[in-house]
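Chains P and X supply the protein sequences, listed in that same order.
Residue 45 is where the first sequence starts when you use my numbering, and the numbers rise one by one after that.
Residue 48 is where the second sequence starts when you use my numbering, and the numbers rise one by one after that.
Note that CB positions come from ideal geometry on N, CA and C, so glycine has one too.
Input: a single structure, listed below in structure tokens.
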Amino acid sequence: MEHAVETENLTKRYNDLLAVDRVSLQIKEGEIFGLLGPNGAGKTTTLSMLATLLSPTSGTARVNGYDIKTQAGAVRKSIGIVFQDPSSDDILTGRENLYLHALMYGVPKEDRKKRIDYVLELVDLEDRANDIVKKYSGGMRRRLELARGLLHNPRILFLDEPTLGLDPQTREHIWQYIDDLVKTEKVTIIITTHYMEEADRLCNRVAIIDNGRVIALDSPYALKSQMGGELIKLQTPSPKLDQIEKLSYVVSVKKGDSTVTLTVKNASTHLQEILSMVGQVESVEIRSPTLNDVFLHYTGHEIRQESGEGGVMERIVKLRRGK
Amino acid sequence: MGELEGFYALWYREIKVFAREKSRIVSSLVNPLLWIVVFGGGLGSAVSVSGMNYQVFIFPGILTMTILFSSVFFGLYIVWDKKIDFFKEVLVAPLSRTTIFAGKMMGGSIDSLLQGSAMLLFGVMLGVNYSLLNVIYSFVFMLILAAALVSLGLIIGSNMESVEGFQLVVSFLVFPMFFFSGALFPIGNLPKYLLVFTIIDPVTYAVDGLRGLLLGTSQLPILLDLAVLAAYAIVFIAAGTWSFKRLK
Numbered sequence: 045m046e047h048a049v050e051t052e053n054l055t056k057r058y059n060d061l062l063a064v065d066r067v068s069l070q071i072k073e074g075e076i077f078g079l080l081g082p083n084g085a086g087k088t089t090t091l092s093m094l095a096t097l098l099s100p101t102s103g104t105a106r107v108n109g110y111d112i113k114t115q116a117g118a119v120r121k122s123i124g125i126v127f128q129d130p131s132s133d134d135i136l137t138g139r140e141n142l143y144l145h146a147l148m149y150g151v152p153k154e155d156r157k158k159r160i161d162y163v164l165e166l167v168d169l170e171d172r173a174n175d176i177v178k179k180y181s182g183g184m185r186r187r188l189e190l191a192r193g194l195l196h197n198p199r200i201l202f203l204d205e206p207t208l209g210l211d212p213q214t215r216e217h218i219w220q221y222i223d224d225l226v227k228t229e230k231v232t233i234i235i236t237t238h239y240m241e242e243a244d245r246l247c248n249r250v251a252i253i254d255n256g257r258v259i260a261l262d263s264p265y266a267l268k269s270q271m272g273g274e275l276i277k278l279q280t281p282s283p284k285l286d287q288i289e290k291l292s293y294v295v296s297v298k299k300g301d302s303t304v305t306l307t308v309k310n311a312s313t314h315l316q317e318i319l320s321m322v323g324q325v326e327s328v329e330i331r332s333p334t335l336n337d338v339f340l341h342y343t344g345h346e347i348r349q350e351s352g353e354g355g356v357m358e359r360i361v362k363l364r365r366g367k
Numbered sequence: 048m049g050e051l052e053g054f055y056a057l058w059y060r061e062i063k064v065f066a067r068e069k070s071r072i073v074s075s076l077v078n079p080l081l082w083i084v085v086f087g088g089g090l091g092s093a094v095s096v097s098g099m100n101y102q103v104f105i106f107p108g109i110l111t112m113t114i115l116f117s118s119v120f121f122g123l124y125i126v127w128d129k130k131i132d133f134f135k136e137v138l139v140a141p142l143s144r145t146t147i148f149a150g151k152m153m154g155g156s157i158d159s160l161l162q163g164s165a166m167l168l169f170g171v172m173l174g175v176n177y178s179l180l181n182v183i184y185s186f187v188f189m190l191i192l193a194a195a196l197v198s199l200g201l202i203i204g205s206n207m208e209s210v211e212g213f214q215l216v217v218s219f220l221v222f223p224m225f226f227f228s229g230a231l232f233p234i235g236n237l238p239k240y241l242l243v244f245t246i247i248d249p250v251t252y253a254v255d256g257l258r259g260l261l262l263g264t265s266q267l268p269i270l271l272d273l274a275v276l277a278a279y280a281i282v283f284i285a286a287g288t289w290s291f292k293r294l295k
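Structure (structure tokens):
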């Protein structure tokens, strides 16, 4: 089976910082693939290289079968991108924005109107198409850009942090649109995100990226299953852990300040036993692992929930300051 | 074919924006009118140059100034565009950078030309009378001037990271280009230290050429003015295209 994207040791170096470090990925046609990681992990840099906006320091990639180094034009024609920051022209109407895009991507004259109407309908913007974009809400703007990304029938759609800065309701809305797109448009969707729940909700497969390297890659379900059980979080001042660590169904034990987090197979059936051993407990919480736990497991730190600013450049500054 | 449509798209965008931002057109014409009416009228009540009313004498200079400011600023605005806006979408499109530059440059030049036309109309009210043929020649001058200066703005804009640099460019480039050009005085017998700057200033040749066409008095042959201006335009366009190729 042909791969939509295939990267081979893709690397981007900014002086002393490895923004993307030997990333080798194979993204299948028709899947929603997520690049999950904190800001500055190298997600957007990876995406920029795949979109031929940045040239890699070493390594290469094929997008829709075209080489990103030697066939940039063909790559660009075959992909659509929705940027992290709004990139529609807010002095123009929604329809005018789409018209310009159709011109720039060489959509044949006879198809233009049909395609524009079609994508507008896809994102439910037909009735606002002739308003200038300045009057749109953040969610509408994002939808317009989704429509624009699809206008020229790309085979891959890149979405860079598609719901950054949107309120929870709008976000749920956008997710629904993205979900539907894969079904109706038969495109491969590659999203970058630092929202765990977004990757979990949308993606068929997720590559977890930290410091420019892919540290885990699988379906969200499989990634979470790798944790080997559910999590029991105990609020306890002086836990007795010696016995617990020896139990066969306890996968891991992590001690915090006044909390202990255990990963336990079939946690609910073993809870009683654990509680009897651990000593005095103030509160108990059992939950299924999330991608955040997976991330924590592999990296030892959590995905920081920061704003979208900074990214790789922020990491460079930190590096220069000696962390 | 694809490149041509892309060029048209960029150009179409600029025209749309121009037509929609009416306040921009109005504000860009207020300044030149103040120069002509207040400065020209005021000084003109005491001075006459080359046997003509001072107000009329500076009219071609102020016309050139209108184009100078609107053109350079058009180019500088891509600093904004680079940060947000439409420009990222343009840069990632399957278009060559030459096409993108050409579209931007032509869009800006047409903007400036439209503002120049408004000034030409004002000249009629001022009592300057010119033949249709001279108006057409003037358009050629204005277009070449605009193309050169929009390119210059785009060169600076594409190499500039922050909007804060705007004021610097205005103080150290745009105003000197205006003052040295002879827009406000005849350049016939300038002291040497002024003359040097006047000679290297591309705007000088536009002012002189337009003064020749519209008022019938110029220091240099009009064709020479045109040739020098065109040479500047070619250099700036080439340098601008190169700057765009380096844009990330």
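Quick check on E353 (chain P): buried or exposed, where buried means 16 or more other Cβ atoms within 10 Å of its Cβ?
For E353 (chain P), the predicted model reports a pLDDT of 49, less than 50, meaning its position is unreliable; a value from the coordinates is still stated below. Exposed, since its Cβ has fewer than 16 Cβ neighbours within 10 Å.
Every unbroken alpha helix (DSSP H) inside the region 108-176 of chain X [4 residues or more]:
Counting only runs of 4+ residues, the alpha helix (DSSP H) found wholly inside the region 108-176 of chain X occupies 125-130, 134-138, 144-173, in chain order.
Kindly list, in the order they appear in chain P, the residues whose Cβ is closer than 7 Å to that of L142 (chain X).
Within chain P, the residues near L142 (chain X) are M148.
For K367 (chain P), which of helix, strand or coil comes out of DSSP?
Unreliable positioning characterises K367 (chain P) in this predicted model, as indicated by a pLDDT of 43, which lies under 50. The coordinate reading is nonetheless provided below. Note: K367 (chain P) maps to coil in three-state DSSP.
Rounded to the nearest angstrom, what separates R66 (chain P) and F227 (chain X) at their Cα positions?
56 Å
With a Cβ-Cβ cutoff of 7 Å, do N141 (chain P) and D133 (chain P) count as a contact?
yes
Assuming T137 (chain P) is part of the alpha helix (DSSP H), what are its boundary residues?
No alpha helix (DSSP H) contains T137 (chain P), which DSSP labels as neither H nor E.
I71 (chain P) to F77 (chain P), Cα distance in whole Å?
7 Å
Check whether the region 262-270 of chain P touches the region 102-115 of chain P, taking contact to mean three or more Cβ pairs, one atom from each stretch, closer than 8 Å.
no
Look at the Cβ atom of L62 (chain P), then the Cβ atom of G344 (chain P), and state whether they are nearer than 7 Å.
no
How about I125 (chain P): is its C-beta nearer than 7 Å to some C-beta of chain X?
I125 (chain P) counts as touching chain X.
I believe Y149 (chain P) touches K121 (chain P) by the beta-carbon criterion, under 8 Å. Please report the beta-carbon distance rounded to the nearest angstrom.
7 Å
Pick from P:E75, P:E52, P:E46: whose alpha carbon is nearest that of K230 (chain P)?
Ranking P:E75, P:E52, P:E46 by Cα distance to K230 (chain P) puts P:E75 first.
Are the CB atoms of L194 (chain P) and G138 (chain P) nearer to each other than 7 Å?
no
Could you tell me the boundaries of the alpha helix (DSSP H) in which H47 (chain P) lies?
Per DSSP, H47 (chain P) belongs to no alpha helix (DSSP H); it is in the beta strand (DSSP E), 47-58.
V197 (chain X) and G155 (chain X) closer than 7 Å at C-beta
yes
Express the C-alpha separation of E170 (chain P) and K87 (chain P) in angstroms, rounding to a whole number.
C-alpha separation (whole angstroms): 33 Å.
Beta-carbon separation of S75 (chain X) and S118 (chain X) under 7 Å?
no
Cβ contact (3+ pairs, closer than 8 Å) linking the region 204-217 of chain P and the region 232-249 of chain P:
yes
Can you tell me which of the three DSSP states L192 (chain X) falls into?
helix
Could you please give the first and the last residue of the uninterrupted beta strand (DSSP E) stretch that includes T251 (chain X)?
T251 (chain X) -> not in any beta strand (DSSP E); alpha helix (DSSP H) instead, spanning 249-262.
Close-in-space but distant-in-sequence residues of the same chain around Q287 (chain P) (CB under 6 Å, 5 per side omitted):
M321
Is it a yes or a no for the region 139-158 of chain X touching the region 214-221 of chain X, going by three-plus beta-carbon pairs under 8 Å?
no
Cβ of K135 (chain X) within 7 Å of any chain P Cβ
yes
Am I right that L262 (chain X) and L192 (chain X) are in contact with their C-beta atoms under 8 Å? What's the rounded C-beta distance?
In fact, because the Cβ distance is near 17 Å, the residues do not count as touching under 8 Å.
Short of 7 Å in beta carbon distance, which residues of its chain neighbour V213 (chain X), apart from the five on each side in sequence? Order them along the chain.
A small correction: the amino acid at residue 213 (chain X) is Phe; Val does not occupy that position in the sequence shown. Here the set comprises L123.
Just reading off the alpha helix (DSSP H) that A286 (chain X) is part of, what are its end residues?
Its alpha helix (DSSP H) spans residues 269-293.
How about I135 (chain P): is its C-beta nearer than 7 Å to some C-beta of chain X?
yes
Cβ of A278 (chain X) within 7 Å of any chain P Cβ:
no
Kindly list, in the order they appear in chain P, the residues whose Cβ is closer than 9 Å to that of E68 (chain X).
Contact of E68 (chain X) with chain P by beta-carbon distance below 9 Å involves I135.
Spatial neighbours of M93 (chain P) within its chain, please: C-beta separation below 8 Å, excluding the five flanking residues on both sides.
L54, K56, V64, S99, P100, A105, I112
Give every residue of the same chain whose Cβ lies closer than 6 Å to the Cβ of L138 (chain X), excluding the five residues on either side of it in the sequence, and list them in chain order.
none
Beta carbon of L335 (chain P), beta carbon of D244 (chain P): below 7 Å?
yes
Measure from the C-beta of E52 (chain X) to each C-beta in chain P and report whether the shortest distance is under 7 Å.
yes
To be precise: take each residue of the region 61-75 of chain P, compare its Cβ to all Cβ atoms of chain X, and keep it if any distance is under 8 Å. Which residues remain?
none
Three or more C-beta pairs under 8 Å: does that hold for the region 81-97 of chain X against the region 48-65 of chain X?
The region 81-97 of chain X is not in contact with the region 48-65 of chain X.
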